[in-house]
Every structure is written in C-alpha cells, then in structure tokens.
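Undergrad:
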Ligand SMILES: Cc1cc2nc3c(=O)[nH]c(=O)nc-3n(C[C@H](O)[C@H](O)[C@H](O)COP(=O)(O)OP(=O)(O)OC[C@H]3O[C@@H](n4cnc5c(N)ncnc54)[C@H](O)[C@@H]3O)c2cc1C
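In the working numbering, the protein residues as written are 63 to 561.
#1: With a threshold of 7 Å (Cβ to nearest heavy atom), would residue 229 be considered close to ligand 1?
#2: Is the Cβ-Cβ distance between residue 232 and residue 463 less than 8 Å?
#3: Can you find a heavy atom of ligand 1 that lies under 7 Å from the Cβ of residue 301?
#4: Give the list of continuous alpha helix (DSSP H) stretches no shorter than 4 residues that lie fully inside the region 126 to 199.
#5: Alpha carbon to alpha carbon, what distance is there between residue 553 and residue 184?
#6: To the nearest angstrom, how far is the alpha carbon of residue 362 from that of residue 296?
#7: Counting beta carbon pairs with one atom in the region 543 to 550 and one in the region 77 to 87, are three or more of them shorter than 8 Å?
#8: What residue from 330, 157, 102 has the CA that sits closest to residue 131's CA?
#9: Excluding the 5 residues preceding and the 5 following residue 424 in the sequence, name in chain order all residues of the same chain whose CB lies nearer than 8 Å to its CB.
#10: Let's test the definition: count the other Cβ atoms within 10 Å of the Cβ of residue 143 and tell me whether it reaches 16, buried, or not, exposed.
#11: Just the C-alpha distance for residue 110 and residue 129, rounded to the nearest angstrom, thanks.
#12: Quick check: what's the CA-CA separation for residue 167 versus residue 453?
#13: For a test of the three-state rule: what should DSSP assign to residue 552, helix, strand or coil?
#14: Using C-beta distances below 6 Å, list every residue in its chain close to residue 269, excluding the 5 sequence neighbours before and after it, in chain order.
#15: If you compare alpha carbons, which of 476, 435, 190, 508 is closest to residue 457?
#16: Ordered along the chain, which non-local residues of its own chain (more than five positions away) have a Cβ less than 7 Å from that of residue 367?
#17: Whose CA, out of 91, 333, 262, lies closest to the CA of residue 550?
#18: Once the 5 residues before and after residue 299 are set aside, which same chain residues still bring their CB inside 6 Å of it?
#19: Which same chain residues, not among the five before or five after residue 557, have their C-beta less than 6 Å away from its C-beta?
#20: Could you tell me whether any non-hydrogen atom of ligand 1 is closer than 7 Å to the CB of residue 475?
#21: Taking only the alpha-carbon atoms, compute the straight-line gap between residue 210 and residue 480 and give it to the nearest angstrom.
#22: Tell me the residue span of the alpha helix (DSSP H) that contains residue 249.
#23: Evaluate residue 199 with the Cβ neighbour count: other Cβ atoms within 10 Å of its Cβ, from every protein chain shown; 16 or more gives buried, anything less gives exposed.
#24: What would DSSP say about residue 557, mapped onto helix, strand or coil?
#25: Put residue 213 into one of helix, strand or coil per three-state DSSP.
#26: What beta strand (DSSP E) runs, 3 residues minimum, are completely inside the region 277 to 335?
#27: Which residues mark the beginning and the end of the alpha helix (DSSP H) in which residue 79 is found?
What follows is the structure, given as structure tokens:
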C-alpha cells in the first residue's frame, strides 16, 4: 500500500496515459517539486500502446501524417524525429504509417520518461493491474484491484473508450467478434471464403476490410450501419491556419450574443472558414459524405482528388484546436441536437480515410466483393450463422459478424466496475452526452454537487460529453499538458490548502 502526499495515480496507460506521464515528469522537474511517485495502472499489462497502437497488422494505419502525431503537442514533429533515428524505418516513405509503429514510438517515449524520473529523484511505477474500485477517505483516494490497495492524493483517469455496449446478445456466439482489434486475431479467426458482416462504417470498419483484403479474403464482405456513410478520402497536406474560427473571434461573438452561440451561428462560422480554404462558397450538400450508391460516390470522391488535396479537409484538422471552444459555446439543448442529428455526418467529413484505403475499398466494391448497406435494424444468431434484418424489410445471412462500432461512452447502466464505483461513491457524475462531467478548463472531474472532486481528473474519450471530440490524439495530448501544469502547481501549494 502506498501513501504519499506526493503520490499521483494514472489509470490506463494507452497513448493518452503515456502523454500524461511524460508531461507530469517534465513539469515535476521544471517546477522542482519534491520527490513524487507516479503509479501508472494498466489492466492489459501492455504499457504504452492502448487499443489503437498495439502490435498488429500494418493494415492498421495512422489517419494523420507523421508530422502531426506526437505525445507532446509542443513538439509536433516528435514522432517524425524518432522515426528518423530508427535504424530500420519500415515503410519510412509512406505518407500514412502503420499504427503499431507509432506504438513503438510511444513505448520508447514512455521508457524515456520513466528513466528521466528515476534520474531526477522522482519515480514512475508501471503496475499491471485493473483498478476496479475507488473510494475517497478524507483527502486521499483508495484504489483497489482484485488483489491490492493503493492510497493516492491525486488521480487521473486515462481509460480510453468504454467497451461497446451494442450487440451484447451476440457476445458468446461462435463467429462473433465484439471488437476488430487486434486485426491479426480477427483475420486469423475468419476463413477466407466466409461471409463477413462488419457493423460500422467508420475507420475501424474500414481497417477491418483492408486487413481482410490484404490477408487474401475471398468471401463477400458487407459493411453495415444505420446511416451507411463512408468516410471521405484524403491526400496528405500541410496544416491550414484558421482565420475565422479563432479563440478570440469565437469569444467576441459569444460576448456579442449574450454568452451563447446558436447551432446556426456555429455552422456559419465553420462554413466561412471552409469556404475561405476552398476558395469558393463551401456547400455542405456538395461535400456530402458518401451515402447511397456507395461505389459511384466513392468513384467521384477519388476522382475529385485528381485535382490535388482538398484544402477544406485541412481546415477540419485545424479545427481540432478550437472545437471544444465551439462546443462549449452551444447551449446544452443545441449540443444534444448536434449529437442526435449532425454528429454522424460531421464525423464522416471530419475523419477521412487515406487515399490508399479508399482505393482498396473501390477495388473491392468494383468486383462486388464488398457491399455497403444502411438501415441495419438487428442481428441475431440463427442456424449456426447470423441473420441481419434491415429497415427496408430485407434480410441477409452471414457466417461472421465483427462489431466495429465504438462506444458512445454513456455511463447510465455502465458495466465497467471502475466507473460504476466512481458514480456510486459520488465522486463523479455521468455526462448525458457521454463520459463523466469535467470542468471544461482543467479536466477536473465534477462531483454531484457540481464542484470539482478535489484532485481527480479525466482525460480522453471519457470527457467526450464536455469536449465533444476526444478521438484525436492531438486534442487529448493538449488536455494532458493542461492537467499536468495544474496538478504540479497544486503540489506546491501549502499543505493546509484544501485539495
Ligand atoms: C482504432 C483506433 C485508431 C485511431 N487512430 C488514430 C490516428 O490515426 N490518429 C489520431 O490522432 N487518433 C487516432 N485514434 C484516436 C486517439 O488516438 C485516441 O484518442 C487515443 O489513442 C486513445 O488513447 P487512450 O490512451 O485514451 O485510450 P486506449 O488506447 O483505449 O487506452 C486506455 C488504456 O486504459 C486501460 N484501462 C482502462 N480501464 C482500466 C482500469 N480500470 N484499470 C487499468 N487499466 C485500464 C486499457 O487497458 C487501455 O490500455 C484512434 C483510435 C482508435 C480506437
């Protein structure tokens, strides 16, 4: 059992946990803090890669170029520089590199932070354990695994997404996979001739199709989702500076409008930015995500890239810097409306797939091995396979079902013991739009009273209700930077100060 007034715990050491550790170690050193112990818990026992960057097939590629992926937002080229130092930089020429390679970078960066802490009087302990319960006792948090207990003063939740809560009735059925990752295991479990249904049509679903194709799958593959939107294709391009959606302009407009912006105002502001980049009036209709006749639309989309990168796509990337500012300027009812009616389309536009992935989809669609279907109603296990029913009344049978949907992270009825404990102990409240409620400015978790649960922070997907867009590494690393600064400042405060 550890009890130290300078003890910080991080639950979850995926990509975000790594960024958190790096920032904490550096800030502890810079602020000349007293010797501090960081306890970092990871239930998988594999530290540093999390779900997205775990060892896997190279078919899993980054959706951003090497110059935009870094554990430290203040050094955007950190990964590119690491790569240049590698003796055998596999696929070094590719624009979009394999995610497992980024995982190796993260593991190296984590080790460096652990070593740096050790040489400067601090300590990072990597503990392979799942935290299943949390309690607050006076001014410390009690963390429990199934075997041990730890007492810490500060606690950071970096647990990633909740597991998908959809299609749980299929969970134990042979031929059903609740997640596509690791892709290598999914591909291994599928015979090349089998009929495969992939639920979802975003990046994880596309990853699964590409992996199956590369592994020589010959049977039919169906991508199915409610909306049937495919992400658009993209070419690598330089970052775009924002002209209209700047923090200052958003703040000024909010002040002029009495503290809130309407959804219409936010759309107008974003359209203005997109139009400036496109060099003509941006029409959301013209750039509709791919739905309907998927093959024909994908052809058009790919053709359009003959003219070069679409500048407006770079604007969507640049918007990462202000998206939570725009989100915060909306009233709760407008946030809810956007989540219900606009989010799916926004994500299909916002999170494009690299052109090589789009070309593989095109090839598979042309030879009618791949089909995109919208309007999935339900899937049941039947006759040793799976029966899918669609809203138009049609049905289809499959041998394999891969669930490539992501969790919406809503915590009502959560089966995750850690979050169930946080809610039960009144240390956190579920955000109606997903995750826990956090203070927008510093990611402190809010208690039912609305006040911060002193010393408790969350970062990453479980803050999606407050920040909307937490599925981009860059955004999460900025939040890690902010939390680390705040927390190391707190360590300096006199002991009498309430935590
Ligand atoms: C498949 C995929 C591909 C992506 N590709 C990109 C990309 O190309 N570019 C980009 O910018 N972003 C990408 N993202 C999004 C972004 O990288 C994610 O926001 C980030 O990877 C999430 O990292 P994380 O550490 O928060 O979550 P995770 O990777 O899920 O890590 C969380 C860790 O916490 C552990 N954990 C959870 N609960 C407990 C507990 N109770 N006790 C102990 N350990 C626990 C889990 O085992 C896990 O290892 C991708 C995301 C996914 C899922």
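Yeah, the Cβ is synthetic: ideal placement off N, Cα and C, and Gly gets one too. None of the values given here were measured: they were computed from a predicted structure.
TA: Considering the structure as presented:
#1: no
#2: yes
#3: Answer for residue 301: no, Cβ out of range of ligand 1.
#4: 140 to 146, 161 to 181
#5: Straight-line Cα distance between these residues: approximately 13 Å.
#6: 13 Å
#7: yes
#8: 157
#9: 357, 360, 361, 364
#10: exposed
#11: If you draw a straight line from the Cα of residue 110 to the Cα of residue 129, it comes to about 20 Å.
#12: 45 Å
#13: Per DSSP, reduced to three states, the secondary structure at residue 552 is helical.
#14: Contacts found: 122.
#15: 435
#16: 295, 297, 417
#17: 91
#18: 371, 376
#19: Model confidence at residue 557 stands at a pLDDT of 44, short of 50, so the residue's coordinates are unreliable; what they give is reported in the following sentence. Same-chain partners within the cutoff: there are none.
#20: no
#21: 15 Å
#22: 245 to 250
#23: Residue 199 should be labelled exposed.
#24: Model confidence at residue 557 stands at a pLDDT of 44, short of 50, so the residue's coordinates are unreliable and nothing is read from them.
#25: strand
#26: 283 to 286
#27: From DSSP, the alpha helix (DSSP H) with residue 79 extends over 77 to 92.
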